[in-house]
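So the protein lines, in turn, are chains A and B. Following our numbering, the numbering of the first sequence begins with 1 at its first residue and continues without gaps. Following our numbering, the numbering of the second sequence begins with 1001 at its first residue and continues without gaps.
There are 2 protein chains.
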Amino acid sequence: MSDKRVQIIRAAGIVLHARGYAGTTLALVAAEAGLPLGNLYYYFKSKEDLAAAVVDARVRELDAIFAYAEAAGTSPLRRLECFVAAWHDGADELVVHGCPYGALTHDLARRGDALSNKSHALFASQLEWLARQWRALGAGPATAEERAAELVCAIQGACLLGLALHDPEVLRRRLREISRRLADGIVTSNSTEVLT
Amino acid sequence: MSDKRVQIIRAAGIVLHARGYAGTTLALVAAEAGLPLGNLYYYFKSKEDLAAAVVDARVRELDAIFAYAEAAGTSPLRRLECFVAAWHDGADELVVHGCPYGALTHDLARRGDALSNKSHALFASQLEWLARQWRALGAGPATAEERAAELVCAIQGACLLGLALHDPEVLRRRLREISRRLADGIVTSNSTEVLT
DNA sequence: GTCTATAAATTGATAGAC
DNA sequence: GTCTATCAATTTATAGAC
């Protein structure tokens, strides 16, 4: 993939996150990338095409978070904690424009077109990876999916509350609590599944 | 307040929810309200002014939910369940354009202007009312605020996940789980506060 | 491949008739 | 108070020189 194409996608990701799809103009993206407007159309045939490339890049970004957590975490539980830590570390920026994945979903899921379908992957991949960690902890498939959904909701809700109140400490506090309950949840679970 | 003014705010609320602030055109709002474009400017001096009126209307909408829960719930716990039920009942619409409060926050909190500050009220009022219910259940101030934040995050996260997957059943399942744990949380809490 | 200039359409806002 | 017509600015996209 061309170096300049990557540069444009990176710039578009920044502008899209900060201003939303409708609020993003290609002139702003070009300025952020340090390129003249016309050049964008050599690499992307339309604004929608560029946005689709940004979604793909965000999906790969999530994959990188999964890979990091798998490398850094010595147990499934530690990997889950690593995943939560990724949001904790970015709290200061997350309360400025919201979680990039949540913001993209809000922007694109409301559209009727193909971009709406692409945004599914942003959360489907999170649910899949998280459920895998819980299965590795001995949870049955249903319980693992349940816990995965619960964790994703808690993280995204925390980001939104932090954004609404414009307070990174609110976000960090929620994430610490989520982290704290990760281990507890496995022990004190009243589910019918037995977790080791 | 003029009847036509209310009608415009209602129309603007619908369009703003469906398309976001930047994606909302005054021509669309006028069409939704069944009025010619120029008429909007007699009641609102600008698009931003109209959006501010929509935020105020959403805050009043939340107040109405609180009032309903207080009238329908015979105990603080029932009132909390009523609050969650409001989202459960609207699940089919909530997964189309997302939660109106969360979507507004995402749209407006990213702006630097006065609209950003107004959006604070959407979640500050929820936290305040919810914390009051827990205090009525005997929780200390800190625990009550903690539980309030937890519940708001769980609901908003559920709405976002339902939107991302475009599946009202996903949202309803999360909300049922939240409702189920409302009572349990009070009994099995390992917090230092004593709840009755 | 890169960049300038501009076309074509949209949109927030206003003027002014009624 | 209401509505039509329109201005001025913006924005997606393209044409065409280099």
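We put the beta carbon where it would ideally sit given N, CA and C, even for glycine.
*Anyone know if the C-beta pair for ALA109/A and SER116/A falls short of 7 Å?*
Your numbering for residue 109/A matches position 109 in the first sequence. Your numbering for residue 116/A matches position 116 in the first sequence. Result yes, Cβ atoms of ALA109/A and SER116/A sit closer than 7 Å.
*With DSSP collapsed to three states, give me the class of PRO36/A.*
Taking the first residue of the first sequence as position 1, residue 36/A is located at position 36. Reduced to three states, the DSSP call for PRO36/A is coil.
*Neighbour flag for LEU1062/B against chain A, beta carbons, 7 Å*: Walking along the second sequence from the start, residue 1062/B turns up at place 62. So, not an interface residue.
*By a C-beta neighbour count over all protein chains shown, 10 Å radius and 16 as the cutoff for buried, is THR24/A buried or exposed?*
Along the first sequence, read from residue 1 onward, the residue named residue 24/A stands at position 24. With 16 or more other Cβ atoms within 10 Å, it is buried.
_Residue from LEU104/A, LEU35/A and ALA67/A with nearest C-alpha to ASP56/A_ = Looking up residue 56/A in the first sequence gives position 56. Comparing Cα positions, the closest option is LEU104/A.
*asked:* So, at 8 Å on beta carbons, what are the nonlocal neighbours of GLY1013/B in its own chain, with the 5 sequence-adjacent residues on each side left out?
replied: To locate residue 1013/B, count along the second sequence from 1; it is residue 13. Taken in chain order, the residues that qualify are VAL1054, ALA1057, ARG1058 and PRO1100.
*Find out if the Cβ-Cβ distance for the pair GLU145/A, ALA154/A is shorter than 7 Å.*
Residue numbering aside, residue 145/A sits at position 145 when the first sequence is read from its first letter. Residue numbering aside, residue 154/A sits at position 154 when the first sequence is read from its first letter. No, the pair does not count as a contact, with Cβ atoms beyond the cut-off.
*Just tell me which of ARG1173/B, ARG1111/B and LEU1161/B has its CA closest to the CA of ALA1022/B.*
For the purposes of this step, residue 1022/B is identified with residue 22 of the second sequence, where counting begins at 1. Closest by alpha carbon: ARG1111/B.
*With distances taken Cα to Cα, identify the nearest neighbour of ALA85/A among ALA69/A, GLY38/A, ARG5/A and SER75/A.*
Here residue 85/A refers to the residue found at position 85 of the first sequence. Ranking the options by Cα distance to ALA85/A, first place goes to ALA69/A.
*asked:* I'd like to know whether the C-beta atoms of TYR7/A and ARG79/A end up nearer to each other than 7 Å.
replied: Taking the first residue of the first sequence as 1, we reach residue 7/A at position 7. Taking the first residue of the first sequence as 1, we reach residue 79/A at position 79. Checking the sequence, you will find Gln at residue 7/A rather than Tyr. Against a cut-off of 7 Å, the Cβ pair of ARG79/A and GLN7/A comes out as no contact.
*Roughly how many angstroms separate the alpha carbons of GLY1020/B and ASP1107/B, rounded to a whole number?*
Locating residue 1020/B in the second sequence gives position 20, counting from the first residue. Locating residue 1107/B in the second sequence gives position 107, counting from the first residue. Rounded to the nearest angstrom, the two C-alpha atoms are 6 Å apart.
*asked:* Taking only three categories from DSSP, how would you classify THR1192/B?
replied: Taking the first residue of the second sequence as 1, we reach residue 1192/B at position 192. With a pLDDT of 45 at THR1192/B, under the threshold of 50, the predicted position of this residue should be treated as unreliable, though the coordinate-derived value follows. Coil, per DSSP.
*Mapping DSSP to helix, strand and coil, what is ARG110/A?*
Walking along the first sequence from the start, residue 110/A turns up at place 110. In this structure, ARG110/A counts as coil in the three-state DSSP scheme.
_Proximal residues to ARG1172/B (C-beta, below 7 Å), its chain only, five neighbours per side dropped_ = In the second sequence, the residue the question calls residue 1172/B occupies position 172. Hits under 7 Å: HIS1088 and ALA1091.
*Would you say ARG58/A faces chain B, with C-beta separation under 7 Å as the test?*
As a working mapping, residue 58/A is identified with position 58 in the first sequence. With 7 Å as the cut-off, ARG58/A does not count as an interface residue toward chain B.
*With 16 other Cβ atoms within 10 Å as the buried cut-off, status of ALA1064/B*: Mapped onto the second sequence, residue 1064/B falls at position 64. ALA1064/B is exposed by the Cβ-count criterion.
*chain A contact for GLN1156/B (CB, 7 Å cutoff)*: Stepping through the second sequence from its first residue, residue 1156/B is reached at position 156. Yes, because at least one Cβ of chain A sits closer than 7 Å to the Cβ of GLN1156/B.
*Considering only residues of the segment 57-105 of chain A, which uninterrupted alpha helix (DSSP H) runs meet the minimum length of 4 residues and lie entirely inside it, listed in chain order?*
76-89 and 91-97
_Less than 7 Å between the beta carbons of GLY98/A and LEU163/A, yes or no?_
On the first sequence, position 98 is the one that residue 98/A refers to. On the first sequence, position 163 is the one that residue 163/A refers to. Yes, the pair counts as a contact, with Cβ atoms nearer than the cut-off.
*The alpha helix (DSSP H) with THR1143/B in it runs from where to where?*
Indexing the second sequence from 1 puts residue 1143/B at position 143. Element bounds for THR1143/B: 1141-1165.
*Leaving out the 5 sequence neighbours to the left and right, which residues in its chain are closer than 7 Å to ILE1009/B when beta-carbon positions are compared?*
The sequence position of residue 1009/B within the second sequence is 9, counting from 1. Counting only Cβ-Cβ distances below 7 Å, and skipping sequence neighbours, we find ALA1053, VAL1054 and ALA1057.
*Nearest-angstrom Cα distance between ARG1135/B and GLY1102/B?*
One-based indexing of the second sequence puts residue 1135/B at position 135. One-based indexing of the second sequence puts residue 1102/B at position 102. Going by the C-alpha atoms only, they are around 25 Å apart.
_Check this for me: beta carbons of GLU61/A and SER179/A, under 7 Å apart or not?_
Here residue 61/A corresponds to residue number 61 of the first sequence, with the count starting at 1. Here residue 179/A corresponds to residue number 179 of the first sequence, with the count starting at 1. Against a cut-off of 7 Å, the Cβ pair of SER179/A and GLU61/A comes out as no contact.
*asked:* For GLY1020/B, report the span of its alpha helix (DSSP H) as first-last.
replied: By one-based count along the second sequence, residue 1020/B stands at place 20. 1003-1023 is the span of the alpha helix (DSSP H), which, as asked, contains GLY1020/B.
*Residues of chain A with a CB under 8 Å from the CB of HIS1088/B: which are they?*
Numbered from its first residue, the second sequence carries residue 1088/B at position 88. Those do not exist, as HIS1088/B stays about 14 Å from chain A at its closest Cβ, beyond 8 Å.
*Measure the alpha-carbon distance for GLY138/A versus LEU122/A and round it to whole angstroms.*
Here the question's residue 138/A lines up with position 138 in the first sequence. Here the question's residue 122/A lines up with position 122 in the first sequence. When rounded, the distance between both Cα atoms is 26 Å.
*Out of GLY1140/B, HIS1166/B, SER1119/B and ARG1174/B, state which residue places its alpha-carbon closest to the alpha-carbon of LEU1151/B.*
Your numbering for residue 1151/B matches position 151 in the second sequence. Minimum Cα distance to LEU1151/B is reached at ARG1174/B.
*What residues in its chain sit with their C-beta under 7 Å from that of LYS47/A, if we drop five residues either side in the sequence?*
The residue you call residue 47/A lines up with position 47 of the first sequence. Result list for LYS47/A: LEU26, in chain order.
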